[in-house]
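Residues in the sequence shown are numbered consecutively from 300, following the numbering used here. Beta carbons are placed, not taken as given, at the ideal position from N, Cα and C, and that holds for glycine.
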Amino acid sequence: MKLKLILLASVFALGFAFTANAGSVVDSDSDLVPDAYDNCTDVANGPNDSDNQSDTNTDGFGNACDPDYDNNGATTTTDFTVFLDAFTGSSPNADTDHDGNGATTTTDFTTFLNFFQNGNAGAGPSGLSCQGTIPCIP
Ligand SMILES: [Ca+2]
Ligand SMILES: [Ca+2]
Ligand SMILES: [Ca+2]
Ligand SMILES: [Ca+2]
């Protein structure tokens with residue numbers, strides 16, 4: 300009888316822990332990709348968005364939040380040169396397509412500018428633990 304009670308209590312505790320765990324899944328940008336698996340935790344780039352976790356340079360930072368094309372940890376004038384070459388068509392580059400529409404446009408430039416003007420911020424934030432490693436294999 301007592302064993303049955305302990306067993307019942309254990310099952311209840313386990314169920315509670317499971318429920319609590321399920322409720323704690325964080326998806327900061329509500330793009331249906333939990334933060335721990337989201338390569339841009341602050342930008343909606345999930346299955347309902349055109350870029351859907353696209354990360355063309357495979358560094359663990361999604362294109363939606365990665366204007367650091369030379370991977371030096373900052374968004375600088377050097378990166379701008381890369382953007383400009385892609386924008387003008389002189390040197391096409393998939394990394395500069397931030398919204399995943401297949402082209403480098405003024406919309407992509409807005410993403411670049413946000414990082415450039417924000418103290419030359421580097422890529423991210425990403426929720427992947429392999430971020431910064433090329434290739435980033437979660
Ligand atoms: Ca995201
Ligand atoms: Ca990237
Ligand atoms: Ca850079
Ligand atoms: Ca684009």
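| Among T406, N392, D396, T374, nearest to N362 - alpha-carbon criterion | Position 63 of the sequence shown holds residue 362. Per the Cα distances, D396.
| message | Just to confirm, is the Cβ distance from F386 to T403 under 8 Å? | response | Here residue 386 is taken as the residue at index 87 of the sequence shown, counted from 1. Here residue 403 is taken as the residue at index 104 of the sequence shown, counted from 1. In this structure, T403 lies closer than 8 Å to F386 by Cβ.
| Three-state secondary structure (DSSP) at Y254? | Given a span of 300 to 437 for the chain in the structure shown, any question on residue 254 remains unanswerable.
| Closest to D369 by CA distance: which of D394, G345, S349 is it? | Residue numbering aside, residue 369 sits at position 70 when the sequence shown is read from its first letter. The residue with the shortest Cα to Cα distance from D369 is D394.
| message | If you measure between the beta carbons of D367 and G421, is that distance less than 8 Å? | response | On the sequence shown, position 68 is the one that residue 367 refers to. On the sequence shown, position 122 is the one that residue 421 refers to. Yes, they are a contact pair.
| Does DSSP put A385 in a helix, a strand or coil? | The residue labelled residue 385 in the question sits at position 86 within the sequence shown. Of the three classes helix, strand and coil, the one that applies to A385 here is helix, per DSSP.
| For the alpha helix (DSSP H) that contains N413, what are its first and last residues? | As a first step, residue 413 must be located in the sequence shown, where it is residue number 114. Residues 405 to 416.
| message | So, with DSSP's three-state summary, where would you put D394? | response | For the purposes of this step, residue 394 is taken as residue 95 along the sequence shown, with counting starting at 1. The answer is helix: DSSP assigns D394 an H, G or I state.
| query | Thinking just about the alpha-carbon of each residue, which of T377, T357, V325 is nearest to the one in P437? | reply | For the purposes of this step, residue 437 is taken as residue 138 along the sequence shown, with counting starting at 1. Cα-wise, what sits closest to P437 is T357.
| For D348, which option in D330, Q430, P391 has the closest C-alpha, if you only look at C-alpha atoms? | The residue you call residue 348 lines up with position 49 of the sequence shown. The shortest Cα separation from D348 among D330, Q430, P391 belongs to D330.
| message | I'd like the list of long-range same chain contacts for T405, defined as Cβ closer than 6 Å, with 5 residues on each side in sequence excluded. | response | By 1-based counting over the sequence shown, the position of residue 405 is 106. Counting only Cβ-Cβ distances below 6 Å, and skipping sequence neighbours, we find nothing.
| Since G426 contacts T340 with CB under 8 Å, what's their CB separation in whole angstroms? | The residue given as residue 426 occupies position 127 in the sequence shown. The residue given as residue 340 occupies position 41 in the sequence shown. G426 to T340, Cβ: 5 Å. Contact.
| request: Taking 5 Å as the limit, tell me which residues put their C-beta closer than that to any heavy atom of ligand 2, in chain order. | output: D354, N356, D358, F360, D365
| message | Could you tell me the alpha carbon to alpha carbon distance between L306 and V324, rounded to whole angstroms? | response | Along the sequence shown, read from residue 1 onward, the residue named residue 306 stands at position 7. Along the sequence shown, read from residue 1 onward, the residue named residue 324 stands at position 25. In this prediction, L306 scores a pLDDT of 47, lower than 50, which makes its location untrustworthy; the coordinate-derived value is nonetheless stated afterwards. Approximately 28 Å, taken between the alpha carbons.
| query | Hey, would you say the C-beta of A420 is under 7 Å away from at least one heavy atom of ligand 1? | reply | In the sequence shown, the residue the question calls residue 420 occupies position 121. No - ligand 1 has no heavy atom lying nearer than 7 Å to the Cβ of A420.
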